[in-house]
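Be aware that the sequence shown starts at 1, since it is given in the UniProt record's numbering, and climbs by one per residue. Virtual Cβ for every residue (Gly too), placed ideally from N, Cα, C. In what follows, a single structure is set out as structure tokens and then discussed.
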Amino acid sequence: MSAIVVSAFCGTGKTHLCNASDRFVEFECWRYNQDKFPKNCITDIQQALGNADIIFISTNPTVVVSVIKIGIIVILVYPDLKLKDEYIDRYEKRGSSKDFISLLSESWESWLMEIGEIKGCQHIVLKQGQYISTVMTIINRS
1 MSAIVVSAFC GTGKTHLCNA SDRFVEFECW RYNQDKFPKN CITDIQQALG NADIIFISTN
61 PTVVVSVIKI GIIVILVYPD LKLKDEYIDR YEKRGSSKDF ISLLSESWES WLMEIGEIKG
121 CQHIVLKQGQ YISTVMTIIN RS
């Protein structure tokens, strides 16, 4: 069976799930050589399809749209626009840098609006207090 690809926003619990099970793998865009990006990231995602149950990727629109275009089914998971304060609190509690928190705070609305407009995939909008683990039954049925 091929893996499910879940594109999930920062602070939704990707890393937590990956640390808890070797059935899950995460590809973080910032770790890739930017000169070869996004091709290098997409190649890794394709190679992992048969080796994991769920592949988590970021919500970088370039990566998400590229993965969809090559025929990989993607489930997009992101918070409701109204949850900015909750997510800023999550970033602070997990020890994210002030620069990271500032960038997310400044870009919150534009990033979520852009993600919400991505076509060709299922969208799951998280409500207050929800994480990916909360919606795993929906993801596993997809």
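### Residue burial classification, G11 (beta-carbon count within 10 angstroms, cutoff 16)
As a first step, residue 11 must be located in the sequence shown, where it is residue number 11. Buried is the call here.
#### Entry: Coil, strand or helix - Y87 by DSSP
Here residue 87 is taken as the residue at index 87 of the sequence shown, counted from 1. If DSSP states are grouped into helix, strand and coil, Y87 belongs with the helices.
### Query
What are the boundary residues of the alpha helix (DSSP H) that includes A52?
Locating residue 52 in the sequence shown gives position 52, counting from the first residue. Counting along the chain, A52 falls outside any alpha helix (DSSP H), and DSSP gives it neither H nor E.
### Query
Between the Cα of E106 and the Cα atoms of R94, E117 and I88, which residue gives the shortest distance?
The residue labelled residue 106 in the question sits at position 106 within the sequence shown. Considering only alpha carbons, the answer is I88.
### Message
Any contact between the segment 63 to 81 and the segment 105 to 125? By contact I mean 3 or more CB pairs, one from each, below 8 angstroms.
### Response
When C-beta atoms of the segment 63 to 81 are compared with those of the segment 105 to 125, three or more pairs fall below 8 angstroms, so the two segments count as touching.
### Query
Going by the beta-carbon positions, is the gap between A8 and I138 smaller than 8 angstroms?
Position 8 of the sequence shown, counting from 1, holds the residue named residue 8. Position 138 of the sequence shown, counting from 1, holds the residue named residue 138. I138 sits away from A8, with the two beta carbons spaced by 8 angstroms or more.
### Task
Give me the Cβ distance between K84 and W111, rounded to the nearest whole Å; I'm assuming they're in contact under 8 angstroms.
Within the sequence shown, residue 84 is the residue found at index 84, counting from 1. Within the sequence shown, residue 111 is the residue found at index 111, counting from 1. The beta carbons of K84 and W111 sit about 11 angstroms from each other, so the pair does not count as a contact at 8 angstroms.
### Query
Buried or exposed: T43, going by 16 or more other Cβ atoms within 10 Å of its Cβ?
As a position in the sequence shown, residue 43 is number 43, starting the count at 1. Label assigned to T43: exposed.
### Task
Determine the closest residue to P61 out of D80, D99 and V6, with distance taken between C-alpha atoms.
Along the sequence shown, one-based indexing puts residue 61 at 61. Cα-wise, what sits closest to P61 is V6.
### Query
Count the other CB atoms within 10 Å of the CB of residue 176; is the residue buried (16 or more) or exposed (fewer)?
The requested residue 176 is not part of the displayed model; the chain covers only 1 to 142.
### Message
Helix, strand or coil for F100? Go by DSSP, reduced to three states.
### Response
Taking the sequence shown and counting its residues from 1, the one referred to as residue 100 is at position 100. F100 carries a helical assignment under DSSP once its states are collapsed to helix, strand and coil.
### Query
Rounded to whole angstroms, how far is the Cβ of I45 from the Cβ of I57, which I believe are closer than 8 angstroms?
Locating residue 45 in the sequence shown gives position 45, counting from the first residue. Locating residue 57 in the sequence shown gives position 57, counting from the first residue. Correct: roughly 6 angstroms between the Cβ atoms.
### Whole-angstrom distance between G129 and K36, CA atom to CA atom
By one-based count along the sequence shown, residue 36 stands at place 36. By one-based count along the sequence shown, residue 129 stands at place 129. Cα to Cα, the separation comes out at about 37 angstroms.
### Query
E28 and C18: beta carbons closer than 8 angstroms?
Position 28 of the sequence shown, counted from the start, is the residue given in the question as residue 28. Position 18 of the sequence shown, counted from the start, is the residue given in the question as residue 18. No.
### Query
Roughly how many angstroms lie between the CA atoms of L126 and D80, to the nearest whole one?
Indexing the sequence shown from 1 puts residue 126 at position 126. Indexing the sequence shown from 1 puts residue 80 at position 80. One C-alpha to the other measures close to 6 angstroms.
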